[in-house]
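Engineer: Shown below is the structure under consideration.
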Amino acid sequence: MPPQAHLAGMATTTAVSPGPSTAPAGPAVALVTGQERLASGVLAAAAAAGVEVWRVRSAEELRPAWTSATQVYLGIDVAESVQAAALARRDGVHLVAAETDGDLSRWSCAFDACVVTLPDTAGVLMSRLVGAVGGGAPGEQVVTVTGATGGAGASTLVVALAAAVAAGGGSVLAVDLDVDGGGLDLAAGLERAVGWRWPDLAAASGQVGDLRGQLPEADGVGVLSMARPAADPPPLPAVASVLASGRRWWDVCLVDCPRGAGAVTEEALTAATRRWVVVRAEVRALAAARALVARTSRRTGPVEVVGVAAAGAGIGVEALERTVGAPVLAVLPDDARLRQAVARGGAVAQAGSRRWRRGVHALAAELVR
């Protein structure tokens with residue numbers, strides 16, 4: 004039965020510290036703010052999630068837990084003082100603010116931080132907090148893959164990358180967030196496989212447990228696909244919960260992410276550890292990629308590019324980087340055989356040429372090195 008109830012497998016107690024001079028060993032979450040309205044919002048969500056929080060009120064008090072905490076929540080009131088403390092850059096930083104607070108973009112960029120606004124009506128804060136709770140061997144990578152234009156090959160790359168990572172012994176979750184994509188299970192050759200699709204998880208929130216064995220799966224790749232027809236994007240709390248589960252239970256979570264600027268897209272990009280844009284080396288596509296890279300970098304974090312050479316045309320990595328304004332990981336060859344497989348609706352993981360598959364395996368190695 005799908006997980007209509009949420010918070011499966013959570014810790015059952017919450018310990019909240021008023022701010023000792025020495026941090027407890029390995030606190031799951033550190034919170035620094037002098038504003039009680041911000042602290043109470045985070046602590047209430049943590050209590051519901053069963054997550055231990057170590058709360059302090061200044062940058063110096065935060066220092067002992069800065070590197071050991073799984074996640075750090077900075078109140079916007081202390082952002083300037085924490086920056087002045089010159090703490091080492093780290094992942095897992097969240098900026099906490101009220102909806103009416105200003106300077107969110109400035110400080111989220113300064114810390115490469117996810118923004119959490121209060122009140123947390125969508126339940127996103129709790130979904131993020133439960134990602135700090137252990138359960139299974141945590142993975143390192145949540146990677147969004149977005150096509151700069153339609154037909155760029157983002158879905159194909161997600162499926163092929165997933166297969167390549169799995170072939171190397173990694174466990175992979177491929178998540179479909181593209182409502183108009185027709186279903187990632189089609190590209191994976193799993194359209195008839197039994198297992199949950201997004202409608203089965205629409206009511207999920209908080210902590211989602213291990214989905215392995217519940218999703219359509221082949222050769223070590225679990226696929227959470229849109230159903231057909233897909234009328235609406237999945238609810239935001241469900242997306243946040245599934246991505247947290249993907250990071251917790253799989254080695255790599257790959258997300259087929261739509262281009263549109265919606266709440267679901269922003270949640271995926273914010274939760275991601277890496278954000279890839281796929282662009283064909285054509286004039287219109289390059290212009291679209293430049294705009295997409297700029298928007299994504301500004302709102303959620305750094306972007307990397309995977310180029311696809313246009314038929315009969317070559318483009319160098321340096322030229323592509325200058326054009327789109329982001330580092331290029333690889334330029335894959337245009338592949339007529341692959342395009343034919345996509346047009347026929349068949350599984351694409353092994354459909355490309357040897358040269359194309361070598362490029363995909365090199366990208367997969369980039370994720371698991």
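Residue numbers (my numbering): 4 to 372.
Backbone N, C-alpha and C define an ideal beta-carbon position, used for all residues, glycine too.
What does DSSP give as the partner residue(s) for Ala-82 in the beta ladder?
Structural biologist: Position 79 of the sequence shown, counted from the first residue, corresponds to residue 82. The partner list for Ala-82 (beta bridge, DSSP) is empty, contrary to what the question assumes.
Engineer: Can we say the stretch 334-342 touches the stretch 353-371, given the rule of at least three CB pairs closer than 8 Å?
Structural biologist: yes
Engineer: Measure the alpha-carbon distance for Ala-274 versus Arg-340 and round it to whole angstroms.
Structural biologist: Sequence index remark: in the sequence shown, residue 274 carries index 271 (1-based). Sequence index remark: in the sequence shown, residue 340 carries index 337 (1-based). Distance between the alpha carbons of Ala-274 and Arg-340: 34 Å.
Engineer: Where do the ends of the alpha helix (DSSP H) carrying Thr-326 lie?
Structural biologist: Here residue 326 corresponds to residue number 323 of the sequence shown, with the count starting at 1. Unbroken alpha helix (DSSP H) run through Thr-326: 320-327.
Engineer: State the CB to CB distance for the pair Arg-250 and Ser-228, rounded to an integer number of angstroms; the pair is presumed to be in contact (CB under 8 Å).
Structural biologist: By one-based count along the sequence shown, residue 250 stands at place 247. By one-based count along the sequence shown, residue 228 stands at place 225. No, Arg-250 and Ser-228 are not in contact; Cβ-Cβ is about 19 Å, not under 8 Å.
Engineer: Which residue from Ala-113, Arg-231, Val-281 and Asp-235 puts its Cα closest to that of Gly-154?
Structural biologist: Your numbering for residue 154 matches position 151 in the sequence shown. Looking at the Cα atoms, Val-281 is the closest of the given residues.
Engineer: Can you tell me which residues form a DSSP beta bridge with Glu-307?
Structural biologist: For the purposes of this step, residue 307 is identified with residue 304 of the sequence shown, where counting begins at 1. Note: Glu-307 sits in a beta bridge opposite Trp-279.
Engineer: Measuring CA to CA, which of Arg-195, Arg-93, Pro-219 and Val-99 is closest to Val-81?
Structural biologist: The residue labelled residue 81 in the question sits at position 78 within the sequence shown. Nearest C-alpha to Val-81: Val-99.
Engineer: Between Leu-239 and the rest of its own chain, which residues show a CB-CB distance below 7 Å, the 5 nearest in sequence each way excluded?
Structural biologist: One-based indexing of the sequence shown puts residue 239 at position 236. Around Leu-239: Ala-125, Val-127, Ala-266, Val-267 and Glu-270.
Engineer: So, at 7 Å on beta carbons, what are the nonlocal neighbours of His-174 in its own chain, with the 5 sequence-adjacent residues on each side left out?
Structural biologist: Here the question's residue 174 lines up with position 171 in the sequence shown. This sequence places Ser at residue 174; His is not what is there. Result list for Ser-174: Gly-223, Trp-253 and Asp-254, in chain order.
Engineer: Please classify Gly-150: does DSSP put it in a helix, a strand, or coil?
Structural biologist: Numbered from 1 along the sequence shown, position 147 holds the residue referred to as residue 150. Strand, per DSSP.
Engineer: Around the C-beta of Arg-325, are 16 or more other C-beta atoms found within 10 angstroms, so that it is buried, or is it exposed?
Structural biologist: Counting from 1 along the sequence shown, the entry for residue 325 is found at position 322. Under this definition Arg-325 is an exposed residue.
Engineer: Would you be able to state if there are at least three C-beta pairs under 8 Å between the stretch 182-190 and the stretch 291-308?
Structural biologist: no
Engineer: How is Leu-370 classed by DSSP in three states: helix, strand or coil?
Structural biologist: Residue mapping note: residue 370 aligns to position 367 of the sequence shown, counting from 1. Of the three classes helix, strand and coil, the one that applies to Leu-370 here is helix, per DSSP.
Engineer: Could you tell me which residues DSSP pairs with Val-175 in its beta bridges?
Structural biologist: Stepping through the sequence shown from its first residue, residue 175 is reached at position 172. For Val-175, which the question treats as bridged, DSSP gives the partners Val-224 and Val-255.
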